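Comments concern the structure below.
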Amino acid sequence: MVPDMWLVSGILLGAVVLLVTEWVPMEVTALMVLGAVAVTGLLPPAEALAGFSNPAVVTIWAVFILSGGLTRTGVANIIGRLVSRVSGKREGLLVLVIMLTAGLLSAVMNNVAVAALMLPVVMDIARQMEIPPPRLLIPLAYGSLLGGLTTQIGTPPNILVTEALRSAGRQPYGFFDFTPIGLSVMLSGTAFMVLAGRHLLPSELPSARPSEDSDEWKQRYDIGAYLFHLRVPHGSLLNGRTLAQSRIGSALGVTVVSISRQKRHLSAPSATERLAAGDVLTVAGRPAPQEAQTVLDGLLLEPKSQDIIDLFDAHIAAAEMTVQAGSIFSGKSLNALDFHARYGVTVLTLVRQEQFFRAGFQDMNLRAGDRLLLAGPRERLTALAERKRFDPLSPVSSSKLRRKYALGAHLMILRVSPESALVEKTLGETRLGDLLGTRVLVMLGGRETRVLPGPEQRIGAGDRLLVEGTPFHLDLLSALASLEIEGAHTARVETLLSENDGVVEAVLSPHSTLAETSVRQLNFREKYGLTVLAVWRGGKMIGENLRDTVLRFGDALLLFGPVHQLDLLAGDREFVVLSQRHQQRPRLEKMGISLAIMAAVLLAVLTGWTPIYIAAVVGAAMMILTGCLSMEEAYRQIEWKAVFLIAGMLPLGAALEKTGLAVLLAEKVVAVAGPLGPEAVMLGLVVLTFLATCVVPTAALVVLMAPIVLNTAESMHLSGEALLMAVAMAASASFMTPISHPANILVMGPGGYRFMDYVKTGGALTLVVLVVLMVLMPFLWPLTP
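Straight run, no breaks: the sequence shown in my numbering ends on number 786.
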């Protein structure tokens, strides 16, 4: 191989590794690939950037907007009525209607949008028909994927292979060229799921218990095991303090769901709600006041026999940071920024308009002009001061700490008793920081001194802990330890429901930016006005430590709160609410307009009046001009990850062709499968594509496969159009794992599926698709010209 081949091979290998492992976001990988191809000279810079203006990329984002217009104008309402009216209560017929409906919609809409559109509809039908959702949701996802095979705009791989032919100087596919083989695959796959595939799915939700209640979440979520009543005793130090000041949530690891007070009931109380003696708090989680008592029993407060500021100054440095207008910190809370973990320093005090906040400010959104007192190792603060995007830092002297911040009055030394139950446990295991409401600044042990020790640091007998706080913090901890638990497992979520309060399930939408963010970092209660009661993940419920639970795609969240807040959540781009009752009111008056626009786009393409990418762009503009979508909604409909992924990977496909590596790889394919005949070549390419879709995004896979397929066809004198069509079908049939396609992930949480459910059902369906392709392709798309 020539040097350029080695170079592009290295870029290709690195891209595949990053796409499979997702060490960095896939769209960032694509941009890195684009930059690498340009910087190394494999392609001129203009050609490397050409992916963003590529007709395939333009068509894809325009189709997203067209799909959004149909969705926003109320297609779901008609679908729900149609599906339930046609299918009745027969499960097999219901699966058939759901898959055919999703498939027909996916022919002209983005398949992820179709799955998200129909998900609340199918969940409501499952409740009404008393059919377990797992029996219907994977068929919904697979139906949307199968339907995308049937037209040119049904799925990105179809659009990409069409453009690959055009770029190679060949006649591109027409709009309905995919229909004969795609429709055959769709009908065969649907028939398999109706007759056999649905019987491979779970017959009920994991951990579900028989119930006559129509609300499926009551069967799935064992909330009773995680709901408790806590009573505030008379004379408690908590009386008159806000929830934020009391630190009940962080110290006891629970979420306050409601407060009952003298026949009044307050749901999803805010952090500023004040407690009163006799209040009964309904909390979600497992409150453990004994943990607070264990900490109190194991720590001894040392008298301040020396200047504590000198001790502080000997081991730790301090600096002031003023939040600037337009700062990366403005408008975000310290928890959302994950400030300590990211920057290696801690915030001791927040000063806003000369008001000093020494506790409970981690969830406050920072504003321009806020001043933060930072503490940490000197070398770390120095490094931060040199960072360009970090707001300016200025050192704080010990005299300023005494005079301006009065820090000496807000530091204390706690000594670990030799008999303490904390000995030999880590800071993380003891939850010492959460219980005290502060961070251990310095740990003074017999052997070494540790500055800002991490959660993995073990506590030794006799260790002295320098912490920010006062004896009042210990008294508050004692008050939390004295909270009375009123009966174990007696709280029932049904008692919280009312005309004004409700419960709903929601999943992260395919467009969500909240994945890999914890509930605490999101400041969920303050941001959405709702309480997270539980998270459903991988067939199991998470009911403890919800504040620190990191959300992932595929999670289902059980949310409680005022009905009007649940209604607002349905309009948030981050979530798909699994109930039509709380969906945004569609623009039904615009439905005729949106359908007319879509019909005009298709007519323009079918008559050959204009290329599809121009028709789609004009149609997208008309959706916005006619009010079917607002401009903001249009932006939200575009799956930007897919756009950047494809635009960034297209230059790599071009580099494979230009350097001759695609030809070389094609020769290897021919050498291995060629002697076995054309059908063996197609089988090898299709099976390779099926397997690769399990770990590589389908759009990126098609971009990389297209030049290899076309060169293989040329080497063997086969029809490139036939081979590319087979590969496009295989790339879009991404059934075998939940991560192989966003539509699969979307239904994972609501359906309570495990990984193996996809392997069993999707693997069997993939074999069906393989057989259909191998049998029909030679007739519909002959391999030999």
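Don't be surprised by glycine CBs; every beta carbon is placed ideally from N, CA and C.
Small disclaimer: the values here were computed from a predicted structure and weren't measured.
Inset, instruction - Please confirm whether residue 126 and residue 638 have their CB atoms less than 8 Å apart. - result: no
Inset, instruction - May I ask which residues mark the beginning and end of the beta strand (DSSP E) holding residue 356? - result: 356–358
Legend entry - Simplified DSSP assignment, three categories, for residue 639: Reduced to three states, the DSSP call for residue 639 is coil.
Inset, instruction - Within 10 angstroms of the Cβ of residue 506, are there 16 or more other Cβ atoms? Answer buried if so, exposed if not. - result: buried
Inset, instruction - Could you name the residues of the same chain whose beta carbon sits closer than 8 Å to that of residue 787, not counting the 5 residues immediately before and after it, in chain order? - result: Residue coverage of the chain in this structure runs from 2 to 786, which leaves residue 787 outside it and unanswerable.
Inset, instruction - Output the boundary residues of the beta strand (DSSP E) element that contains residue 537. - result: Run containing residue 537: 532–538, per the beta strand (DSSP E) assignment.
Legend entry - Cβ pair residue 150, residue 186 closer than 8 Å: yes
Legend entry - Per-residue burial, residue 773 [other beta carbons within 10 Å of its own, 16 or more giving buried]: buried
Inset, instruction - Just tell me which of 777, 780 and 762 has its CA closest to the CA of residue 197. - result: 762
Inset, instruction - Kindly list the residues whose CB is nearer than 7 Å to the CB of residue 211, restricted to its own chain and excluding five residues on each side of it in sequence; keep chain order. - result: At residue 211 the pLDDT is 38, less than 50, meaning the model places this residue with poor confidence; the figure from the coordinates comes in the next sentence. Closer than 7 Å at Cβ, skipping near neighbours: no residue.
Legend entry - Beta-carbon proximity check, residue 69 vs residue 634, cutoff 8 Å: Cβ distance < 8 Å, so residue 69 and residue 634 count as in contact.
Legend entry - Among 320, 629 and 316, nearest to residue 467 - alpha-carbon criterion: The shortest C-alpha separation from residue 467 is found at 316.
Inset, instruction - Indicate the three-state DSSP secondary structure (helix, strand or coil) for residue 590 in the structure shown. - result: helix
Legend entry - Inter-stretch contact (C-beta, 8 Å, three-pair minimum) for the segment 314–329 and the segment 251–268: no
Legend entry - Buried/exposed call for residue 12, threshold 16 Cβ in 10 Å: Counting Cβ neighbours within 10 Å, residue 12 comes out buried, since at least 16 surround it.
Legend entry - Alpha-carbon to alpha-carbon, residue 699 and residue 1: The structure shown has nothing for residue 1, since the chain only spans 2 to 786.
Inset, instruction - Would you kindly work out how many angstroms separate the C-alpha atoms of residue 453 and residue 136, rounded to a whole number? - result: 51 Å
Legend entry - Inter-residue spacing [alpha-carbon to alpha-carbon] between residue 395 and residue 474: 29 Å
Legend entry - 7 Å Cβ shell around residue 17 - same chain, five flanking residues per side excluded: These residues qualify, in order along the chain: 697.
Inset, instruction - Kindly indicate which residue of 400, 229, 301 and 103 has the alpha-carbon position closest to the one of residue 143. - result: 103
Legend entry - Residue closest to residue 281, alpha-carbon to alpha-carbon, out of 251, 301 and 228: 228
Legend entry - Close-in-space but distant-in-sequence residues of the same chain around residue 352 (CB under 6 Å, 5 per side omitted): 372
Inset, instruction - Specify the secondary structure class of residue 760 as computed by DSSP and reduced to three states. - result: helix
Legend entry - Backbone CA spacing between residue 32 and residue 701 [nearest angstrom]: 12 Å
Inset, instruction - In the DSSP assignment, find the alpha helix (DSSP H) that holds residue 502 and state where it starts and stops. - result: No alpha helix (DSSP H) holds residue 502; the beta strand (DSSP E) holding it covers 502–509.
Legend entry - Nearest-angstrom beta carbon gap, residue 164 and residue 56 [assumed within contact, 8 Å]: 6 Å
Inset, instruction - Look at the Cβ atom of residue 751, then the Cβ atom of residue 597, and state whether they are nearer than 8 Å. - result: no
Inset, instruction - Confirm, please, whether the CB-CB distance from residue 108 to residue 72 is below 8 Å. - result: no
Inset, instruction - Measuring alpha carbon to alpha carbon, tell me which of 472, 462, 171 and 175 ends up nearest residue 154. - result: 175
Legend entry - Three-state secondary structure (DSSP) of residue 565: Of the three classes helix, strand and coil, the one that applies to residue 565 here is helix, per DSSP.
Inset, instruction - Express the C-alpha separation of residue 296 and residue 425 in angstroms, rounding to a whole number. - result: 14 Å
Inset, instruction - Measure from the alpha carbon of residue 417 to the alpha carbon of each residue in 427, 344 and 409, then state which is nearest. - result: 427
Legend entry - Other residues of its chain near residue 524: CB distance less than 7 Å, five sequence neighbours each side excluded: 334, 336, 337 and 364
Legend entry - Reduced DSSP category for residue 243 - H, G, I as helix; E, B as strand; rest coil: strand
Legend entry - Residue range of the unbroken alpha helix (DSSP H) whose run includes residue 157: 157–168
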